[in-house]
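Asks:
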Amino acid sequence: MRIATVTLATRSLDAVAAFWEPFGVPLTRDASAVRVRLGHTEVVHEAAEFDGTHHLAFTIPTGTFDAADHWIGQRATVLIRDGVREFEGPAGWNSRSVYFDGPDGQVLECIERRDIAPGHDGPFSAGSIVGVSEVGVVAADVLATVAELGQVGVAPYAAPPSPSFAAVGDVHGLLVLVAPGRPWLPTTDRIAADTAVTVDGGVGTPVRLGLDKLLR
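Going letter by letter, the sequence shown gives residues 50 to 265 in the numbering used here.
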């Protein structure tokens with residue numbers, strides 16, 4: 050699944066713009082939204098009030114993990130848990146990640162997916178980011194949502210779903226479905242935001258993932 054656009058809420062457009070400017074990514078702003086271009090994905094932040102925290106992950110080219118880790122560390126606060134900075138992915142993912150603090154409390158992640166062939170030359174920069182790899186979405190009933198997505202060909206990835214967690218999609222793009230009240234790793238206190246999210250993933254039939262969440 051190639052994620053072309055993600056639209057989500059932010060409590061502070063100023064914070065989003067100020068966070069991303071040092072990264073050198075293409076950014077535009079108007080009175081109601083900040084748009085950030087990250088590889089093949091545009092992330093649209095719209096002003097709204099809500100509770101909780103969003104999660105996004107960005108694919109980095111295979112073979113660039115150490116360079117990306119250093120690049121992120123110069124521009125943001127890396128999130129460390131129990132002394133661990135580099136996290137191997139779940140069983141079957143063949144990935145590793147570095148997490149970092151984003152604007153408005155977001156939990157952001159750069160993920161190297163080793164099942165994607167290497168294809169990068171030169172130093173790591175904003176232009177090295179491939180695109181959004183994961184979008185965190187709260188689902189009132191994770192298993193029922195997985196079943197509904199399966200009807201349009203969006204299947205569980207790498208492992209069977211559980212009542213509190215499921216990744217659906219493929220190595221190029223995933224929805225990470227979590228139950229209400231679950232924190233985003235590697236934190237223990239940043240609870241997933243149960244608020245509006247729209248993901249443009251090239252799905253032929255749009256699927257509502259709740260009243261204010263949409264995959265299309």
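The C-beta atom is built at its ideal place from N, Cα and C for all residues, glycine as well. All values reported here derive from a predicted model rather than from experimental measurement.
1) Judging by CA-CA distance, which residue of Arg145, Ala64, Val252, Glu197 is the nearest neighbour of Asp164?
2) In or out: Val201 buried (at least 16 other Cβ within 10 Å) or exposed?
3) Is the beta carbon of Phe136 sitting closer than 9 angstroms to the one on Val147?
4) Taking contact to mean 3 or more Cβ pairs, one atom from each stretch, closer than 8 angstroms, check whether the region 89-99 and the region 59-70 are in contact.
5) Grab the span of the alpha helix (DSSP H) containing His119 for me, first residue to last.
6) Three-state secondary structure (DSSP) at Glu197?
7) Quick one: give me the first and last residue of the beta strand (DSSP E) that Ala106 is part of.
8) Just verifying my parser: in three-state terms, what is the DSSP assignment at Pro209?
9) Does Glu70 come out as helix, strand or coil in the three-state DSSP assignment?
10) What separation, rounded to the nearest whole angstrom, lies between the Cα atoms of Val203 and His103?
11) Here's a check: name, in chain order, each residue in its chain whose Cβ is nearer than 7 angstroms to the Cβ of Pro110, leaving out the five neighbours to either side.
12) For Arg78, report the span of its beta strand (DSSP E) as first-last.
13) According to DSSP, Asp150 sits in a beta bridge with which residue or residues?
14) Look at the Cβ atom of Thr54, then the Cβ atom of Thr113, and state whether they are nearer than 9 angstroms.
15) So the beta strand (DSSP E) Ser182 belongs to, where does it begin and stop?
16) Pull up the DSSP beta-bridge partners for Val83, would you.
17) Please report the residue range of the beta strand (DSSP E) in which Gly222 lies.
Replies: Considering the structure as presented:
1) Locating residue 164 in the sequence shown gives position 115, counting from the first residue. Comparing Cα-Cα distances from Asp164 to each of Arg145, Ala64, Val252, Glu197, the minimum goes to Arg145.
2) To locate residue 201, count along the sequence shown from 1; it is residue 152. That one is exposed.
3) Working through the sequence shown from its first residue, we reach residue 136 at position 87. Working through the sequence shown from its first residue, we reach residue 147 at position 98. In contact: Phe136 and Val147 (Cβ atoms closer than 9 angstroms).
4) yes
5) Looking up residue 119 in the sequence shown gives position 70. His119 -> alpha helix (DSSP H) spans 114-122.
6) Indexing the sequence shown from 1 puts residue 197 at position 148. Residue state, collapsed to three classes: helix.
7) Reading the sequence shown from its first residue, position 57 is the one you call residue 106. Segment 104-109, the beta strand (DSSP E) holding Ala106.
8) Stepping through the sequence shown from its first residue, residue 209 is reached at position 160. It is coil, neither helix nor strand.
9) Position 21 of the sequence shown, counted from the start, is the residue given in the question as residue 70. In this structure, Glu70 counts as helix in the three-state DSSP scheme.
10) Here residue 203 corresponds to residue number 154 of the sequence shown, with the count starting at 1. Here residue 103 corresponds to residue number 54 of the sequence shown, with the count starting at 1. Using only the alpha carbons, I get a separation of about 22 angstroms.
11) The count along the sequence shown starts at 1 and reaches residue 110 at position 61. Cβ within range, chain order: Pro167, Gly168, His169, Ser177, Val179.
12) Locating residue 78 in the sequence shown gives position 29, counting from the first residue. That run of the beta strand (DSSP E) goes 76-78.
13) Looking up residue 150 in the sequence shown gives position 101. Its beta-bridge partners are Val156.
14) For the purposes of this step, residue 54 is taken as residue 5 along the sequence shown, with counting starting at 1. For the purposes of this step, residue 113 is taken as residue 64 along the sequence shown, with counting starting at 1. Contact: no.
15) On the sequence shown, position 133 is the one that residue 182 refers to. Ser182 -> beta strand (DSSP E) spans 180-187.
16) Here residue 83 is taken as the residue at index 34 of the sequence shown, counted from 1. Paired residues: Arg78, His94.
17) Reading the sequence shown from its first residue, position 173 is the one you call residue 222. Counting along the chain, the beta strand (DSSP E) containing Gly222 begins and ends at 222-227.
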